[in-house]
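First the structure, in the form of structure tokens, and then the observations on it.
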Amino acid sequence: MKNLMNITDLTVEEIDELIAVAEDIIANPEKYQDACRHKLLATLFFEPSTRTRLSFESAMHRLGGAVVGFSEAGSSSSAKGESLSDTVQTVGCYADIIAMRHPKEGAPVVAARRAGVPIINAGDGAHNHPTQTLTDLLTIWRAKKRLNNLTIGLCGDLKFGRTVHSLVGAMARYSGIKFVFIAPEELKFPRYIIEDELESRGIPYKEVTTMEEAMPELDILYMTRVQKERFFNEADYIRLKDTYILTPDKLIPAKKDLAIMHPLPRVNEISVAVDDDPRAMYFPQAKNGMFIRMALILKMLEVTV
Amino acid sequence: MRIGHIENGIVLDHITAGNAMNIYNVLKLGELDCTVALIKNADSPKMGKKDIIKISTHMDIDLDILGYLDPGVTVNIIHDGEVVEQRHVELPEKVVGVIKCKNPRCITSVEREIVHEFKLTDRTKKVYRCIYCEQKA
């Protein structure tokens, strides 16, 4: 695999393979600690994303490799007016692999044409963020030991949240998946994705407006933040905001083996009181992000251990 | 109204009524110094109304662009007053350097000298998407 732009660049078999490698890394970290010795990862972050950047950098360090890069466009030559294409072509002369975050959609496609080394899209605007989806898939796998036959609830801002769009696209490829979209009218899951990804393939889904309606049947609850600025008026926001805050009370009717996920950062949409619930998977999810990125770097550098 | 036959050149027939001027502009037919006739709303048994463009010279026409602009067009090559070749254009797989991506968040809005490129993603619905940001054309 030369580049990773979009989660659908990966086949289901390739995702299975990455998950298997990530599981082996978790079980035997010492086996991988020098796997990328003398290899260099460049993290080109044209907009800040501390969490994603540190996850990539930790992944490379734990493989014994080295990291160079920048964390915002202001400290790169793009501030002097250099084109993305030229920046990436130059960095491709130094590094063995590039993880790139850029505010413009499709920027990694431009980079991939000129870099000469593998490019990983670490987020391009509101477009794609495939390593977040890989993180989510590994988390679901680790919690359930399967990626099929699951009822997945997605809650919060389903209109603008790229992580949920991408996760639905990825999970729709497995059998026996049912989706429950939990969102206010203003932030409903986009109709065009429902048509393209679900209705065209006969995948069942339902849309509800409260968590209570869905909770008992869920295997996975994927929470996202309802942002105030998405509402037309403050009254609607105030009316709805508590509806989409997960509290211990709301979890009473839930399954004992529910997995609660969140891409983080959290603001107030999951009560801190839920953190100690064994079903809370959002911090392990962040850790899984590092392991799956380790597996991805190995695959893209064609390193076998 | 009748427009005479051409001896040598190209006739673009079965253009969707009202679309000829757009094709004329995109193919830059205004830059030719030969006779070019643009016929609007001609009667057509098959289409009801259609447009026709007659060009009294031989030139290379980008059939991909023409296919994107109007996939029903017939291209007739005329030699000595006879149709010697007839081609039916189709929706091309790619459209390169003709239309621009409208998405202000697309990398094409800022990257210098980038060629706008679209790929056909749904032939039945005639959907083209930007190869960078996947916005519909």
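Residue numbers (my numbering), protein chains in the order written: chain A, 1 to 305; chain B, 1001 to 1137.
Yeah, the Cβ is synthetic: ideal placement off N, Cα and C, and Gly gets one too.
Just so we're clear, the structure is a prediction, and the values are computed from it rather than from any experiment.
Within-7 Å CB hit, residue i to chain A
i           : result
Glu-1111(B) : yes
Tyr-1132(B) : yes
Ile-1107(B) : yes
Proximity test, Cβ basis, 7 Å: residue i and chain B
i          : result
Ser-76(A)  : no
Lys-80(A)  : no
His-165(A) : no
Gly-125(A) : yes
Contacts that residue i makes with chain B (C-beta to C-beta distance below 8 Å)
i          : result
Val-110(A) : Ile-1107, Glu-1111, Ile-1114 and Tyr-1132
Contact set between residue i and chain B, taken where Cβ atoms lie within less than 9 Å
i          : result
Thr-161(A) : Reading off the sequence shown, one finds Gly at residue 161(A), where the question assumed Thr. What Gly-161(A) touches in chain B: nothing, since even the nearest Cβ is about 16 Å away.
Neighbour list for residue i in chain A, Cβ cutoff strictly below 7 Å
i           : result
Asn-1103(B) : Glu-105
Distance between beta carbons of residue j and residue i, contact taken as under 8 Å
i           : j           : result
Thr-1074(B) : His-1014(B) : 5 Å
Val-208(A)  : Lys-31(A)   : No, Val-208(A) and Lys-31(A) are not in contact; Cβ-Cβ is about 45 Å, not under 8 Å.
Ser-271(A)  : Pro-248(A)  : 7 Å
Ala-1037(B) : Lys-1054(B) : 4 Å
Gly-153(A)  : Ile-182(A)  : 6 Å
Leu-264(A)  : Ala-286(A)  : 6 Å
Phe-46(A)   : Ala-73(A)   : 4 Å
Contact test: residue i Cβ vs the ligand SAH heavy atom, cutoff 6 Å
i         : result
Gly-65(A) : The ligand SAH is not part of the structure shown, which contains no ligands of any sort.
Min CB distance residue i to chain D below 7 Å
i           : result
Val-1127(B) : In the displayed structure, chain D is absent; the protein chains listed are A and B.
message: My parser needs the alpha helix (DSSP H) runs of 4 or more residues fully inside the stretch 215 to 276 of chain A; what are they?
response: 234 to 241
field: Segments of 4+ residues assigned as alpha helix (DSSP H) that fall wholly inside the stretch 84 to 111 of chain A
entry: 84 to 94
message: Which runs of the beta strand (DSSP E) at least 3 residues long sit entirely within the stretch 4 to 65 of chain A? Give them in chain order.
response: 40 to 45
- request: May I ask you to list, following chain order, the residues of the stretch 83 to 99 of chain A that have a beta carbon less than 8 Å from some beta carbon of chain B?
  value: Ser-83, Leu-84 and Ser-85
- request: Identify every run of the alpha helix (DSSP H) within the stretch 276 to 303 of chain A, keeping only runs that are complete inside it and at least 4 residues long; order them along the chain.
  value: 282 to 300
task: Quick one: which unbroken beta strand (DSSP E) runs of 3-plus residues sit fully inside the stretch 139 to 217 of chain A? Chain order, please.
output: 150 to 155, 177 to 182 and 205 to 208
- request: Please list the segments of the beta strand (DSSP E) lying wholly inside the stretch 1053 to 1122 of chain B, counting only runs of 3 or more residues, in order along the chain.
  value: 1074 to 1079, 1082 to 1088, 1094 to 1096 and 1117 to 1122
- request: Write down every uninterrupted run of the beta strand (DSSP E) in the stretch 1006 to 1035 of chain B whose length is 3 residues or greater and which is fully enclosed by it, in chain order.
  value: 1009 to 1016
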